[in-house]
Every structure is written in structure tokens, then in C-alpha cells.
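Start counting the sequence shown at 0; every next residue gets the next number (numbering that gives the first Met the number 0).
Glycine included, C-beta positions come from ideal geometry on N, C-alpha and C.
Please read these numbers as outputs of a predicted model, since none were measured by experiment.
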Amino acid sequence: MNQTRKPKGFFASKEGLEKLQAKKREKGYKYEDIRKQANVTLDQVKRLFNPHWKYKIGTEAIELIAGVLDLQPEEIVEFDAWHSSANVTDLEITEFDWRDICHKRLKQQQEDAKRRRKATEKGFEVNVYVPLELVERKQQQRRGEHEQRELENVYALEKEVIVKTYEHGDFLQQVIGQKPAGNHKHIAIIGEPGAGKTTLLTNIASFIKDKTEDLPIFVSLANLQGKTIENYLLKIWLPQAMRLFKVVVTPEIENQLIERFNKGGVWLLLDGVDEMGENSPIQALTKINNELTEWLRQGRVVLTCRLNVWDTNVNNTLTGFDTYKTQEFKPEQIDEFIQQWFICAEKQQRGEELKAKLKATKYEKICKLVTNPLRLALLCQTFYLDKQGELPETKAALYERFTRYFYEWKHERVCELINSDNLKDELHNALSKLAFAGINSPARFRLKRSLARQQMGEKLFKLACDVGWLNLVDRLERNDEEVYAFFHPNFQEYFAALKVNDWREFFKHIPNKPTQGVYRIFEPQWKEVILLWLGREDVEPREKEAFIKALVEFDDQCGNWSNIHQVKHGYYKFRAYFIAAAGITEFKYSQAKEIVEQILRWGFGLFDIAKQQLKFVYPIANGAKAALLQIERATAIDALVKLIADSNVDDFTKYQAASSLGEIDPGNKTAIDALVKLIADSNVDDSTKLFAASSLGEIGFGNKTAIDALVNLIADSNVDDDTKRFAASSLGKIGFGNKTAIDALVNLIADSNVDDDTKRFAASSLGKIGFGNKTAIDALVNLIADSNVDDFTKYQATSSLGQIDPGNQTAIDALVKLIADSNVDDSTKRFAASSLGEIGFGNKTAIDALVKLIADSNVRDSTKLFAASSLGEIGFGNKTAIDALVKLIADSNVRDSTKCQAVSSLGKIGSGNQTAIDALVKLIADSNVDDFTKSEAAYNLGKIDPGNQTAIDALVKLIADSNVHESTKYQAVFSLGEIDPGNQTAIDALVNLIADSNVNDYTKRYAVSSLGEILTKEQMASVVTILKNCLSDKIYKSNFDLFKECYSLFWDCAQNLTYPDFYQAWHAGEDSENLDLPSQTFTPQRLQAAINNDRILSQTIHLICIDTSKFIDPNKPASKIYTEIVKAGCPKCEDGTPTTMTELQTYWDLLKTDKRVVLVFYQGMGSQSEQLSDRILNNLSKFDKAICVTRNQGIDDILNRLRSL
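Right under this line is the structure:
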């Protein structure tokens, strides 16, 4: 792009000079540091920082210095002056080298991240890297106990199952370095605070940069601040990246980036879902899910998230993500980290002393504490400075020790602090107030300057910045206000814990009046603060005892569960108890043993009613097992070991206990020995042996004893094929790269006495553990060529070959040859086509073979269906594949089921393709097409063209049509919720299905499950009110399966709704004396209930309540109001999102709905946020009389206004 040059020089503006000084201070730079990095002269740097010298500095030097300091040039000089002579002439758009752009921006971001993420002042840990292992987790469907014992469901053991454990290098090569198949496109990295998630993400970025041709784009989600990901990339990331090349971004350049995404090969690396500042985990995850549309969907996404945010919901709202959980350091990794850290510190002997201390029995607890990178770095730093060599015992004590030494590192800058304990105390108190206020606000970890000054005062705020407790991270887009952060988020949580003098600031229960209480214990952002408070040495033990006792004894008053033996307690009772269980890790509670025993009962069903062992329903049992993992390890391990050894405990429960023991203490010898013993015991029933063998696959990764036991089982001629199959399957989980395991599976495949099913299991396991192994590859190729082996087994062999040798041309050629052979029957061709879908991603030969198969008039429809399915897996964006599917849809001779598959495949590979969009629109309009196919077409149209009104209208019409079959209507409801999350029509339809006495139980259960998939937080309260009767004693006894599904749905709601909101929703419609608020007090749930009970209003009013406290900028609410209207089921604006009140009014005036839409604005209870301004209220008053703002109005007042509309 050719541009005219700017004037020869500029001065820094007054505001620009302040920003320059702040950035220089934040980064700890001197003039010489800036000179070296910007490659300018020292005189140029000094002139820019000293405009009073009256010497201008050139544009190129300003751009270079701005880049070093993470500023835009127009932030340094007057905006108008900079741009006044920047008019572009002779505009010539060229194709940019996007790899170079992404790489340079990434390098800049990684350098910044290194500085910001260092855990200690010395910062040696930024040069230490000990890779963590990752475990792939698999979410599995819920099943009852009787179903678990069915042989075919053996893998559905727990919600969380270890699919595979990866060493760091293996993860990069096998997951990041390979092309995805099917739904395995996106990746979530989850872990505890300080587990190294951000470090891992930056290493993934480096791997993509150095080892692939793809493009890495790194985004810190904390910086979104209300912006969409699309808007952030185009308006923030892109200008910052192009600035490095001295290019001003234009709409044409934005379109080039979008086009580059559409070509594929772009990675979107999203760091810190938990730092987005959303009001609940489900909102954060739903926001990401909703925004990965259109061109962004063409990229591959890797995101990081704290475990407690990711696991809040039973059904995670993010689809298409494989989940990988960071593992703790092993003892040898702790030693390696310490050694590297102290080598950097040039105190290697000191490191040896620390390693020796951690091996001592008395420090076993601290050794368990420092199994993540952050806490281990803090320990190294404090031990480096502490000449006494004593070690802390809790997280809080570790942070306290770190804080004590913090000023020793900055003695040249904080003499007054070192010499004044009073000033330190004053500063820490002020930091505590700020930390607490931040976590208590939507901003969380991003702290506005105004908030910091308000909480700390100017003097202490400046002091905190000077010593490095607070660092400038960015600015607010709307007014350029500075935004600060603690030098590490965990220290904000620590300081917030210091602010709390009374545990009632976390939890103050007011029975029957929860809105007057305090329930921070149920908000995920406070969990770490609570645990740190419990670990504080300056808090009286009796206060901690009282707090945990209050948690354990809490009764949420939502339901009477005493006669429902598989539940027993309310939802929030369990949540409170699980917090107490986590707390006993930080504090030696006097009744800790009783808490552990209770958790075991809930998790493993260890109670006796009429001599029967009953299991608690799935969410309770799963929640209890998760809580067990958080309990002080020694206590939990001891309890499980005793359970395994108890002769009165049945074998199946022993298996479950051993499995949990392995999760708490991976590789635990007692757990592995117990499972091996169960396998070898001739008195143990076969189903338990199968479960035990499967559990070895979960906890025995790399363990020689476990591998040998399974290998022996496979080699035993007295063992039947069923048992060998499951032993082979478990080897596939724990024997990665193990030659003995691979050889055993190869021998099993070659054994002529073994049936094909067993060979298929062995082939499947080879696909998991034989990556790159020539013996395994040869065995699978031979299996494919074996004429005596059935098609299913060949299919599995080709799939496994694709896993351990992706893109294997031998396999692809063999499958293409099968498809082309006229002597091969259709059944074999079907499996060959399906196999190509596993291994032929992007392979032109494979795609062409499938296209040819679809076009072959001699091939059956069922075979074409398989071919169409495989095209959907490997033909992403391929025009030939898309055209073949479109032609198949238009073929009147093809049956509807095959068309449905073609439609589904188009939904996977045809995103944004106009030919595909037109074909689906035409199919929906075709009167000769059956309803189910129309439903499928509408669903996939919504996937490839998000927001397409034709798709939404078609599904709404199908749902409303009384002549449509129930199964098709159900599919339409589910599809509508998928392509338009939170659509009120879909929610209402599902609720009506559940409430309809004429609908069969299976459909009701399926409807409840689907409701959990598409429900948004805003709709949860009303669903609780309407469906709570499904949790009655009567339903529990007469329809337990429906009860279980509803209980799980409500469990999700309880994880996301505040306790007061859930309480009010549960009790809505009851007498006012049982409610928290007087019956006339406004709540959204109460108003909706009142409308539902009004014969006329229920038929004429579509109510949308909007909480104004959720507005990031109350003075610019148009886009947020529009978003809430659309989320409630109204059609989207064809002209895009309104950003001004004028644009919103135009949308409102043209809005067409069956009922009158009424907006009610209110301010959430307890909110301290700014109310709507008079200007905005005046604007809203002109919106066609269908809007009201509550100002302490009663329900009847609002109803009377609605009746008058």
C-alpha cells in the first residue's frame, strides 16, 4: 500500500507524555532499553519524553518507540494531527504475508506475557520450563447403576474419563500437529489457578509458528471487555499487528484477514475464559460459543480456562471442543523445576537443599502443595531469600511469605516501605480493599484507575504502582481510562482474602429471606479467596470452625427431600458442603473425618436402607467424587484405601473406590494393586473384572504392573475373547509407546484363533498407543488386506492407521481401490467410504473417489449416504465436494434419509458457501420434501449461515404445526435451540412437551435433556418455577428416569443462578409468607408468573426483562438491549447490530412478532452500578409505549400498565 508521508515531526501531547511515562514505569525500562529495542538514537528517545525541549521527533521513530511500549502512535501525539496528513493516495491493496504479520505480533505478545506472568520479582521462572502432562477427558452420558453393569456400556463409568495421557511433546505432535477429524477441531486446556495454562498456550503458539505453515493469533480474553471476538480481532488485534509494518488498517485489509480465515489454517488462541468478567460460567462459555460463527468458525480454537469454571455445568455449552486437563508436577518434575530455577539464580547448592527438605516426611504436605508452577516458583523465591530455610504449610502461608519478602527485591525503590511497618500495613489494607472490590465487580481482575484510586487513595495507589503490586495493562476503549491488574491474579485473590475479617462476608444465611443475606460461597470467583482465608494464620481457629460448621449445616429450603432417598438434600446444601470439603485442605477442621465419610457416602452410595445399597443420583455422586479430589490428599487417600480393604464392601464398590483413588493420586500403587487383584481373583464376577480392567486404563498410565497384568490376560488361553477385548481396550489407554503392549496387540491381531471382534478391539487400541510404530503400522495394513477379515474390522484397522500414521497413502489408496472395484459389494464400499472419512482429511484422491461414488447410478442410496457422510468429515470448503452434495440433495430419485445426510454434511463443510445456502433454502421451500428433512435442512442452514431468518422461521413453523409428527417436532425444537441459543419459542415448546400428559415418557426425558443443552442463564429461573413439580415424591416413585433428568437440569441451574434467584424461582406462586419478598415486590420471575396466570396477558404479551446493572456502559446501551431482545427469541436485524439508540428504535419500529414485545428494565438486586441516565430514559420513552422502567414498582402496577398498552 502506497501512502503519503506524514510531516517531518511531532511533539508528544500532554496525555501522550503521561502514557509514555506510565508504560516506561510499568515495564521497568530506562531510556537505553527503549533505544536498543526500538533501534533509534538515544537523542530521539529523550526528545520524545521531553517535549519541552521543543525538538520534534520523526514519524518513523514515534512508530518504533510506540511499538516497544505497546502504544498506538496516536496515543502519543494529538490524534487529529497524526491523521490529518495521513491521507492515503494511489491506494493499491496488496496481498500481505499473514504469516509474517502473525509471527511478529505473536513475538511481541509473548515478550509482554513473559513480563506480566512472572510469579516472582527475580523472575527466574520465566526461563524455566518443565512441561506438564495433559490428560484428555471424555464427557460421557449419564446412566443408572443397572445400565453400568451392561457389557456394552462398560466405558460409561464416570462423567470424567481419561481417554489418554500425553507427555508435552506428544501432545504437540499428535494433537496440535495433526489435522482434525470430524468434531475434534477445537481444544480446551483446563486446570487449576497457576497450573501453567497460559505458558502452555504460548508454547502451542510457538509450535504452530515454528513447525507448521499455519497462523497463530493470540487473544487475552480479559481484554475483550464487552467486545465480541470478531470486533476485537478487527479493531484491536489487527491494528496492533499492522502497526508493526507501518500500515494503517482499512476495510480492505480487514476483509483480507477474514478471507485468510476462510481459507483455513488459522489458529485462534484464546487465553483465560475465567477472566472475561461475565456474571456466570455459563455466560462466559455461551458467549464464546455464540461468537465462533461465520468466518471465525473456519479457524481452529485453543482456549484456556480454570477448572471450576469449565466444570460448572453437567452439559458444557461449548460444542466441538476436546478437553485436556493439566496435570500436577510429579516429584521428579518438582526437582527439575527447582534445579533450573536455582541454576538461573546461580545458587545451585541452595536448590539442592530445598529438594532435600521437600523429601522429608515433615514437609510432605508442602510438597503436595507446590505441584503447580506458580506455587513452586513462589516457594523457590522465598527459600532463596529465607536464610532460616523453613517452609510454609498452606497456600495462604506461602503467599504471606512471598509478600513479606516482596520489598526486599525492590529496596532501591521502596526505602520508606522497608523502614516502616505501618506504611506496609496501610498499603496492604488498601490493596485488600481494591482486590475485594475488583472480584466483587464484573471487571474481576481488570481494575480501572478510578476504582483503584477510589479504594486506595492517590498516594497508596501510586505507591502500589511504583513497587509493582499493580501494573498498567491497557485502557478502556470508550474513554481511554487506564486499566491495572495485580502482578499475578492469584495475589489479587490473596489480598481479597486478607480484607475479610468475618466469615459472614462470604456466607450470611437469612432463612426465608435470602436477598438480605450474603452467599458468595456459591459464586465461583470467590472459591479461591475462601480457601486462602481458611489458610490464614492470623484468623482464629474458632472462626474457621464456625464457618465450616455453618456450611455443613446449611439448609437451602428449596424442596423437601427427606423421602427421596437418592437425593436427601437441596441443591445448595450440596454446594455448601462441597466448599466445606475443599476447605479442610487449608484448615484442620475438628470434624474433617466426618466430612470425608459423608462425601464417600454420596459418591459411592455407602448407606443401607432395608439392606439395600442405593446410589445417589448422578449429579450428586459425580459432584461428591469431584469434591473428594479437592480434599486434603492424605485424608482422602487413607479413606479410600480403607474402603478397598474392607471385606464387607462389594467388589463393584471397591472398583469405584480404586478408580477414584487413582484420580486423586495418579499411579497410586494401592489402587493399581487392588484392580490387578480383582482381575486375578477367580471369585470375582466377570462384569466387575471388566470394570476393573477398564479402570486400569484410566489410572495406570505407563505403570508396568498394570500393563503386564493386561498383557498376561490377553496371552492367557483360558481367558475368553470378551475379556481379551476389554484387556486390549485398556492397553490402548495406558500403554502408549510401550513395546510390550504394542507387541501383545499385534500378536492378538495375528492370532487365527481369535474372532474378528477381538481383532477389532486390538486394532482400535493400536490406533491409540502405536503412533509412528512401524510394527503396528504393518499389522494394520496387513489386516486391511486380509480377505478373511470382516468389513467392520477392516474399517477399524483403517481408522487406527489414520490415527497412528495420519494421511497414510497406502491406506487411502487401498480404500479408493475398494470403492472403484466393480466386483466389491456395496456393503464393503460403504465401510471403505466411511474409513476415508476418518483418514483422508483434505486428500484430493479421497474426495474425488467419494464424489464419484455419489454420482454412480449403480450404487445404492445407503452407500451414497455413507459417502456423503465422509465428505462432511474430509471435504471442508472443497467446492467439488459441496457441489456433489448439492446435486445429491436436488436429485428427486434419492430417498429422503440420504438427502438428510447430504444436508448434514453440507452443514459441516459448506459454511458461507452461497451454493450450499441456496440449496438448503430451496429444500425448505419444497412442498414435496418431508417435514423431518426440512427440519434437518433448516438446522444445517443455521449452521452454515448463522442467523439466517429462513432457517429460524422454518423451524418455528414446524414446531407450531399440529400436523407434524411428534418426533419431527422434537427435532425441530432441538435444532432451533442449537442454531439460535436461548430462542424462547424452542424453550416454550420443550417446556410444553414436558408438561403435556399425552406425551410419552421417553420424549419427555429427551426434551428435558435438550432443554439443558439450549437453556441460557436468563431463562433458568422461569424453567425452575414451571418444572419443579417434576421433582415431586410422586414422580420419583412413578417415573424415576424423568425425575433423574429433571434433577440434573436443576443441578445445572443451581450452578449458575444465585441462591436468592433460585430460591425465589422455586417458591414463585406460593403464599407471600413463604417468600423472601412481599408478594408485590418486582422480580422478573414473579412478573412472568403473574403474566402466565393472566388469561389475556398470557396470550398477548412477550415479556423481556433486562437487568441494567449488566450494562458495561450505561450511556451506550443500544447493542446490549438488542442482544437481550434477540436472545429472547425475536428476529435479528437484517442491517446488523444496532449501535445507537436511533438505530435501535428503527429496529424496534419494524419488529414483527405474534405477541406484543414488552421490555421491562430493572436494576439487579444488590447492584451498585450506575443507573440509566435521563438522556437514555428520554430516548426509551419514545419507543412505542412498550417499555417501562421499574422504580420500586409493585407487580400490580406493572400489570396495570401492560393492560393499558
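What three-state label does DSSP hand residue i in the structure shown?
i     : result
S219  : strand
V300  : strand
Q611  : Caution applies to Q611, whose pLDDT of 42 falls short of 50 and renders its modelled position unreliable; the value that the coordinates give is listed next. Reduced to three states, the DSSP call for Q611 is strand.
H185  : strand
W1245 : Residue 1245 lies beyond the range of the chain shown here (0 to 1204); nothing can be said about it.
E345  : coil
E567  : Correcting the residue identity first, residue 567 is Lys in this sequence and not Glu. Note: K567 maps to coil in three-state DSSP.
E585  : coil
I56   : strand
N842  : coil
F48   : helix
E77   : coil
N1205 : Given that the chain is displayed from residue 0 to residue 1204, the structure contains no residue 1205 and the question cannot be resolved.
Y1046 : helix
G1128 : coil
V1230 : Coverage of the chain is limited to positions 0 through 1204, which leaves residue 1230 absent and any answer about it impossible.
Q139  : At Q139, the pLDDT of 32 sits below 50, so the modelled position is not reliable; the number obtained from the coordinates is stated separately. Coil at Q139, not helix or strand.
L1074 : Here L1074 scores only 48 on pLDDT, less than 50, and its place in the model should not be relied on; the value that follows carries that caveat. Coil at L1074, not helix or strand.
G190  : strand
Y28   : coil
Y165  : strand
R305  : strand
F700  : coil
Could you pull the start and end residues of the beta strand (DSSP E) that residue i belongs to?
i     : result
R894  : Neither: R894 is in no beta strand (DSSP E) and is coded neither H nor E.
Y1161 : 1155 to 1161
List the whole-angstrom C-beta distance separating residue i from residue j, where the pair is believed to meet the contact cut-off of C-beta under 8 Å.
i     : j    : result
D1276 : V963 : Nothing can be reported for residue 1276: it is not among the residues displayed for the chain, which extend from 0 to 1204.
T774  : V745 : 6 Å
I189  : K324 : 5 Å
I61   : I33  : Not confirmed; about 12 Å, so no contact.
K447  : E480 : 6 Å
P372  : T584 : Not confirmed; about 19 Å, so no contact.
D650  : L677 : 6 Å
L295  : I228 : 6 Å
A303  : K196 : The sequence as given places Thr at residue 303; Ala does not occur at that position. That pair is a contact at about 4 Å.
Buried or exposed, going by whether 16 or more other CB atoms sit within 10 Å of the CB of residue i?
i     : result
P192  : buried
I923  : buried
P540  : exposed
Y617  : buried
Y1001 : exposed
V272  : buried
D952  : exposed
A901  : buried
I881  : buried
D1060 : buried
What residue range is occupied by the uninterrupted alpha helix (DSSP H) comprising residue i?
i     : result
H1066 : 1058 to 1066
C1104 : From DSSP, C1104 is part of no alpha helix (DSSP H) but of the beta strand (DSSP E) over 1100 to 1106.
Y323  : Per DSSP, Y323 belongs to no alpha helix (DSSP H); it is in the beta strand (DSSP E), 320 to 325.
E481  : Element bounds for E481: not the alpha helix (DSSP H) but the beta strand (DSSP E), 481 to 485.
L628  : Element bounds for L628: n/a, residue is neither H nor E.
Q177  : Careful: Q177 lies outside any alpha helix (DSSP H) and carries neither H nor E.
L1179 : 1173 to 1179
P250  : 250 to 261
R242  : 237 to 242
K956  : 948 to 959
M275  : That residue, M275, is in no alpha helix (DSSP H); it is neither H nor E in DSSP.
Inset, instruction - Output the residue ranges of the beta strand (DSSP E) runs that lie fully inside the segment 504 to 550 and measure 3 residues or longer, sorted by chain position. - result: none
Legend entry - Any alpha helix (DSSP H) of 4 or more consecutive residues that is wholly inside the segment 816 to 885: 825 to 838, 843 to 854, 860 to 873
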